[in-house]
Amino acid sequence: MANNQGIIDPPIDELLSRVDSKYALVIFASKRARQINDYYADLHEGSLFDNVGPLVDSTIDDKPLSVALHEINEDKLVVKPVAPTE
1085 MANNQGIIDP PIDELLSRVD SKYALVIFAS KRARQINDYY ADLHEGSLFD
1135 NVGPLVDSTI DDKPLSVALH EINEDKLVVK PVAPTE
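Quick look at the structure:
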C-alpha cells in the first residue's frame, strides 16, 4: 500500500489548534482544496496564472483536500477573520 494517510495525517487535534472550530476547518480546507483542484485543471489547459498550486510537497496522486489539510497543519495558510459590516 502507498504512503497515503488521508485524514489520519495530519492529526485532527493538530488541525483544530490552528482554527477556531471544526466548522471553520471544514470551510477553510474545502475552499483551499477547490483552489488546488482549479490549479490542476488550469495546468492541463496551459493557464498557470489564475490559481496558486500546492504550497507543500505533493504528488498528482494526492487529493486536493489532503494537500489543503497539510498546508494548514504546516502553517502555510492562515485564517484571517473578516470584520463584520454594520
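FYI, the numbering used here numbers position 28 of the sequence shown as 1112, with every residue one higher than the one before it. For glycine and all other residues, C-beta sits at the position ideal for the given N, C-alpha and C.
Check, Outcome
"Alpha-carbon spacing of Pro-1165 relative to Glu-1158, whole angstroms", "19 angstroms"
"The stretch 1093-1109 in contact with the stretch 1136-1147 per 3-pair CB rule at 8 angstroms", "no"
"Beta-carbon spacing of Ala-1108, Val-1163 below 8 angstroms", "yes"
"Alpha-carbon to alpha-carbon, Tyr-1123 and Asp-1134", "7 angstroms"
"Alpha-carbon to alpha-carbon, Pro-1148 and Leu-1127", "14 angstroms"
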